[in-house]
Each structure stands twice: as C-alpha cells, then as structure tokens.
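Chemist:
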Amino acid sequence: EKGGYPHFMLKEIYEQAQAMKDCMRGRLLEQEKRVVLSAVTHHRERLLNAKRVIIVSCGTSWHAGLIGKQMIETFAKVPVEVEYASEFRYRNPVIDARDVVIAISQSGETADTLAAISLAKERGAFIFGIVNAVGSSIARITDTGTYIHVGPEIGVASTKAFTGQLTVLTMLALSLGKEKQTVSTTEYEEIVAELAVIPDKMERMLVFDKQIAELAKCYTYARNFIYLGRGYNFPVALEGALKLKEISYIHAEGYPAAEMKHGPIALVDAEMPVVVIATHHQLYEKTLSNIQEVKARKGRILAIVTEGDEVVKKLADNVIEVPATLACLSPLLTVIPLQLLAYHVAVMKGLDVDQPRNLAKSVTVE
Ligand code: M6R
Numbered sequence: 251e252k253g254g255y256p257h258f259m260l261k262e263i264y265e266q267a268q269a270m271k272d273c274m275r276g277r278l279l280e281q282e283k284r285v286v287l288s289a290v291t292h293h294r295e296r297l298l299n300a301k302r303v304i305i306v307s308c309g310t311s312w313h314a315g316l317i318g319k320q321m322i323e324t325f326a327k328v329p330v331e332v333e334y335a336s337e338f339r340y341r342n343p344v345i346d347a348r349d350v351v352i353a354i355s356q357s358g359e360t361a362d363t364l365a366a367i368s369l370a371k372e373r374g375a376f377i378f379g380i381v382n383a384v385g386s387s388i389a390r391i392t393d394t395g396t397y398i399h400v401g402p403e404i405g406v407a408s409t410k411a412f413t414g415q416l417t418v419l420t421m422l423a424l425s426l427g428k429e430k431q432t433v434s435t436t437e438y439e440e441i442v443a444e445l446a447v448i449p450d451k452m453e454r455m456l457v458f459d460k461q462i463a464e465l466a467k468c469y470t471y472a473r474n475f476i477y478l479g480r481g482y483n484f485p486v487a488l489e490g491a492l493k494l495k496e497i498s499y500i501h502a503e504g505y506p507a508a509e510m511k512h513g514p515i516a517l518v519d520a521e522m523p524v525v526v527i528a529t530h531h532q533l534y535e536k537t538l539s540n541i542q543e544v545k546a547r548k549g550r551i552l553a554i555v556t557e558g559d560e561v562v563k564k565l566a567d568n569v570i571e572v573p574a575t576l577a578c579l580s581p582l583l584t585v586i587p588l589q590l591l592a593y594h595v596a597v598m599k600g601l602d603v604d605q606p607r608n609l610a611k612s613v614t615v616e
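Residue numbers (UniProt numbering): 251 to 616.
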C-alpha cells in the first residue's frame with residue numbers, strides 16, 4: 251500500500267501535486283478563470299454577511315488557519331481570528347449569530363475542534379468545515395463546508411492535508427472576495443491562473459529530495475533548530491518546526507524572522523541550524539538582514555529561496571530554490587523542502603517516521 255515508498259509520509263509528500271489537482275477538480279475552472287465552491291454558492295448571504303470569521307483547529311491545521319487568515323483578510327476584507335480549538339472551547343468566547351466559524355481538520359475527529367464547534371453552534375454561529383475525512387464527526391456537525399479531497403493520510407505527520415487545506419482556503423478567500431467585490435478582477439484571475447500551475451511547480455520541488463537527504467546527514471546531531479519566515483511564510487516556519495519535532499525528536503521553534511532580536515537570537519551559535527524562508531516576497535530585504543545577523547553569530551543557515559536568487563546563495567550555507575510564484579501561494583511550495591528535511595533527518599536517526607512515539611493520527615481525547 252505504500253506504493254513502493256519506504257514510508258507513508260514520503261508517499262504523501264510525493265503525492266501532493268496530484269492531491270492538489272484532486273482538491274481543485276470541478277472547483278477551479280481554468281478556462282473560465284474562476285473558482286466555484288458549492289458551499290459558497292449555497293450559503294452566499296450567510297457567508298457574505300459575516301461580521302467576522304473565527305478559525306478553530308489544532309496542530310498543522312492551525313498553521314493552515316494562520317495562512318488562511320491572511321488570505322481571507324486580504325481578499326474578502328473581513329476580520330479573521332485564528333484560535334487553538336483547545337483554548338477557544340474553555341474561554342467562554344464572545345460569539346453570536348453573525349460570526350462564521352471555520353473548523354479545519356484532516357481527520358474530522360479531533361476532540362478539541364469538535365467541542366469548539368459545538369460551543370460556537372450553540373451560540374448561533376454558522377459553521378464551515380474544511381475536512382479531509384468524508385462523513386467524519388466534524389463534517390457531520392458543520393452547517394456546510396468544502397472537503398479537501400486529498401485521499402487518506404496515513405503518516406502521523408500531516409503533509410498533503412496541509413497543502414490541501416491551503417488550497418481550499420485560497421479558493422474560499424477568492425470566492426468570498428469575488429462575491430463581495432473586495433478583490434480586483436485582475437488579481438483574482440492572476441491567482442486563479444497561478445493556482446492551476448502550482449501542482450507542476452510542486453512536482454519540480456521533488457528534485458531536491460536527494461540533496462535534502464544528503465543535507466540531513468549534517469543535521470542528525472543537532473539538539474535545536476530555529477525556523478524563520480515572514481508574512482505568508484511565518485506559519486510555514488511554525489509548520490517546519492512542528493514536522494521536525496514530531497518525527498525526529500529534535501527541539502525546534504518557528505518565529506517570525508523579525509522577532510529574533512527580541513530574544514531567540516541569544517540562542518544562536520555555531521551549533522544552531524537556522525532554516526530561513528527567504529523567497530522574493532513580502533519583506534525579503536528584511537529577512538536578508540536577519541540572515542546576516544545569524545551568520546555574524548556563526549549560525550548555520552539553510553535558506554529556502556526563489557529560483558535564481560544569487561544574494562542569499564552567497565550568505566547561506568545551503569540553499570533550496572523554489573519556483574517563483576505569488577506570495578499567497580508560496581507556502582504550497584516552501585513547505586515541501588521542510589517536510590522532506592524533517593523526513594530525512596528522522597530516517598537518518600533510524601526513527602519510526604510514520605508512527606512517532608507518543609503521538610496518534612487523530613487526537614480523539616483531550
Ligand atoms: O485531524 P486534525 O487536522 O484535526 O489534526 C490536528 C492535529 O492533531 C494534527 O495536525 C497534528 O498536529 C499533526 N500530527 C501534525 O503533523
């Protein structure tokens with residue numbers, strides 16, 4: 251069933267281009283230059299009248315939510331809050347009938363997420379699910395939703411579900427923005443066209459697999475890692491750190507790059523690998539100076555850059571190049587080398603990648 255791959259996780263990393271196509275099938279209409287989500291068509295008024303959106307989720311799904319927030323705020327111009335489901339459910343949050351709650355969950359069985367939406371529903375909010383497992387508990391209790399349709403995810407470390415969640419969140423933000431006329435036709439069509447070619451670009455990322463496997467050898471003895479990113483790629487830094495922690499058991503922290511100087515930089519020395527997402531997007535120049543700060547303290551830099559970047563190449567110890575794309579879609583590409591890095595470090599350490607210690611695929615207890 252692993253289709254010739256040594257682990258489900260690697261299979262699922264490799265499947266992401268196909269999974270994304272499956273997720274967009276019938277929804278992204280390339281010829282017509284538009285996206286259609288039936289949930290948005292059927293619940294247009296309710297969704298467009300939302301005074302705010304609250305995203306509830308856990309783990310990787312929460313990271314996808316942080317990226318979704320940026321897209322929904324940018325394109326649909328509605329305020330979005332992103333909450334850990336476990337905190338939200340016990341906080342006695344202020345919610346009313348004009349709120350829309352988006353629950354993101356791969357398994358559809360996460361206990362905290364389920365409890366968070368039950369509470370929001372009792373208080374009259376409208377619940378939109380972004381779920382993978384068809385017919386799961388969360389899918390059943392939501393008022394509407396969009397399945398990510400990426401196929402079963404078996405590896406405990408979430409990979410293709412994350413990129414599927416981002417794909418649905420992008421289509422959702424675009425549909426809402428189009429209906430509300432808060433996104434220009436030019437920008438809307440540009441993103442739709444670029445979404446259609448992302449699977450090919452994802453495929454191209456896989457050529458780095460061997461290089462990352464080689465690189466992983468230098469990192470097996472690291473005790474700590476720092477991951478940095480900004481804008482749409484700050485949550486990708488969090489996600490890269492989570493992947494490394496859960497399967498390789500190396501302590502890792504993700505930060506928005508500018509936060510470095512407010513504390514974490516004290517940790518940097520020759521023993522500290524720092525993974526920096528420094529693509530040609532928001533705040534590239536500022537990220538460059540963060541890289542210089544790390545180098546001045548002898549930290550070892552692995553940078554994720556846009557293809558053809560010569561500047562970072564001179565500063566970093568290693569670089570992985572990703573094809574150029576729009577800022578909001580860049581996480582779909584930048585996350586792939588981070589998934590591969592975590593995978594190969596864990597394999598080098600001889601660990602059980604698909605079933606890491608202390609973790610379950612779906613967390614159905616508190
Ligand atoms: O099934 P869910 O998306 O609700 O699961 C949420 C988290 O438990 C999950 O993303 C977890 O963090 C993963 N193991 C991360 O790789």
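Each residue gets a CB set at the ideal place from its N, CA and C atoms; glycine is no exception. Just so it is clear, the structure is predicted and the values come from calculations on it, not from any experiment.
Name the residue from K319, Y255, K493 and K271 whose alpha carbon lies nearest to the alpha carbon of V447.
Modeler: Checked all of K319, Y255, K493 and K271; the closest Cα to V447 is K271.
Chemist: Using the rule of at least 16 other Cβ atoms within 10 Å of the residue's Cβ for burial, across every protein chain shown, is G379 buried or exposed?
Modeler: Result: buried.
Chemist: Per DSSP, what kind of secondary structure is I388 in: helix, strand or coil?
Modeler: Helix, per DSSP.
Chemist: Whose C-beta lies closer than 6 Å to the C-beta of K319 among residues of the same chain, with five residues either side of it excluded?
Modeler: So the qualifying residues of the chain are V330 and V332.
Chemist: Who are A443's beta bridge partners in DSSP?
Modeler: Answer by DSSP bridge pairing: none, since A443 is not bridged.
Chemist: Please determine, among S580, T417 and I377, the residue with the shortest C-alpha to C-alpha distance to A366.
Modeler: That would be I377, whose Cα lies nearest to the Cα of A366.
Chemist: Can you tell me where the beta strand (DSSP E) holding S307 begins and where it ends?
Modeler: Looking at the DSSP string, the run of the beta strand (DSSP E) that includes S307 is R302 to S307.
Chemist: Can you tell me whether A383 is helix, strand or coil according to DSSP?
Modeler: Of the three classes helix, strand and coil, the one that applies to A383 here is coil, per DSSP.
Chemist: Give the range of the alpha helix (DSSP H) segment to which residue 617 is assigned.
Modeler: The structure shown does not extend to residue 617, since the chain spans only 251 to 616, so no value can be given for it.
Chemist: Only counting the same chain, and skipping five residues up and downstream in sequence, which positions put a Cβ closer than 8 Å to that of V290?
Modeler: Result list for V290: L297, L422, S425, L426 and E429, in chain order.
Chemist: Would you kindly check if the distance between the Cβ of S612 and the Cβ of S357 is under 7 Å?
Modeler: In this structure, S612 lies closer than 7 Å to S357 by Cβ.
Chemist: In or out: V544 buried (at least 16 other Cβ within 10 Å) or exposed?
Modeler: The residue in question, V544, is buried, as its Cβ has 16 or more Cβ neighbours within 10 Å.
Chemist: Note the first and the last residue of the continuous alpha helix (DSSP H) segment covering E496.
Modeler: Counting along the chain, the alpha helix (DSSP H) containing E496 begins and ends at F484 to S498.
Chemist: Apart from the five residues on each side of it in sequence, which residues of its chain come closer than 7 Å, Cβ to Cβ, to Y469?
Modeler: Closer than 7 Å at the Cβ level, and outside the excluded window around Y469, lie P523 and V595.
Chemist: Compare the C-beta of L517 with all C-beta atoms of chain C and state if any pair is closer than 7 Å.
Modeler: No chain C is present in this structure, which holds just one protein chain.
Chemist: Going by other Cβ atoms of all chains shown within 10 Å of its Cβ, with 16 needed for buried, is R339 buried or exposed?
Modeler: Classification of R339: buried, given that the 10 Å Cβ count is 16 or more.
Chemist: Which same chain residues end up closer than 7 Å to A546 when comparing Cβ atoms and leaving out the 5 residues on each side of it in sequence?
Modeler: So no residue of the chain qualifies.
Chemist: With a floor of 3 residues, list each beta strand (DSSP E) that falls wholly inside the region 522-582, ordered by position along the chain.
Modeler: Listed in chain order, the complete beta strand (DSSP E) runs (minimum 3 residues) inside the region 522-582 are 523-528, 550-556 and 568-572.
Chemist: Quick check: the region 574-592 against the region 259-266, are at least 3 beta-carbon pairs closer than 8 Å?
Modeler: Yes, they touch.
Chemist: So, for A370: in the same chain, excluding its five sequence neighbours on each side, which residues have a beta-carbon less than 6 Å away from its beta-carbon?
Modeler: Once the five neighbours on either side are set aside, the close Cβ partners of A370 are I345 and V351.
Chemist: Under DSSP, the alpha helix (DSSP H) around F258 begins and ends at which residues?
Modeler: That run of the alpha helix (DSSP H) goes F258 to Y264.
Chemist: Around the C-beta of P606, are 16 or more other C-beta atoms found within 10 angstroms, so that it is buried, or is it exposed?
Modeler: That one is buried.
Chemist: Run through the DSSP bridge pairs and tell me what L278 is partnered with.
Modeler: V285.
Chemist: Would P485 and I304 be called neighbours here (beta carbons separated by less than 7 Å)?
Modeler: For P485 and I304, no; Cβs fall outside 7 Å.
Chemist: Is any heavy atom in the ligand M6R found nearer than 6 Å to the beta carbon of Q605?
Modeler: Every heavy atom of the ligand M6R is 6 Å or more from the Cβ of Q605, so no.
Chemist: Is it the case that the Cβ atoms of L579 and E453 are separated by a distance below 7 Å?
Modeler: Contact: no.
Chemist: Measuring CA to CA, which of E616, A528 and V418 is closest to I570?
Modeler: The option with the nearest alpha carbon to I570 is A528.
Chemist: Please confirm whether any heavy atom of the ligand M6R lies closer than 6 Å to the CB of residue 198.
Modeler: Given a span of 251 to 616 for the chain in the structure shown, any question on residue 198 remains unanswerable.
Chemist: Since G410 contacts T575 with CB under 8 Å, what's their CB separation in whole angstroms?
Modeler: Sequence check: residue 410 is Lys here, not Gly. Between T575 and K410 the Cβ distance is about 18 Å, and since that is not below 8 Å, they are no contact.
Chemist: Give me the residue from T614, S539, L609 and Y593 with the minimum Cα distance to P256.
Modeler: For the residues T614, S539, L609 and Y593, the minimum Cα distance to P256 belongs to Y593.
Chemist: What does the Cβ neighbour count give for Q542, buried or exposed, with the cut at 16 atoms within 10 Å?
Modeler: Under this definition Q542 is an exposed residue.
Chemist: Within 10 angstroms of the Cβ of E337, are there 16 or more other Cβ atoms? Answer buried if so, exposed if not.
Modeler: Exposed: under 16 other Cβ atoms inside 10 Å.
Chemist: Pull up the distance between the alpha-carbon of R404 and that of D567, whole angstroms please.
Modeler: What sits at residue 404 in the sequence shown is Ile, not Arg. Those two C-alpha atoms are separated by around 34 Å.
Chemist: Can you say whether H501 is buried or exposed, counting buried as having 16 or more other CB atoms within 10 angstroms of its CB?
Modeler: Exposed: under 16 other Cβ atoms inside 10 Å.
Chemist: Would you give the residue range spanned by the alpha helix (DSSP H) that Y469 belongs to?
Modeler: Unbroken alpha helix (DSSP H) run through Y469: D459 to Y469.
Chemist: What would DSSP say about A449, mapped onto helix, strand or coil?
Modeler: It should be pointed out that residue 449 corresponds to Pro in this sequence rather than to Ala. Looking at P449 - three-state DSSP - the assignment turns out to be helix.
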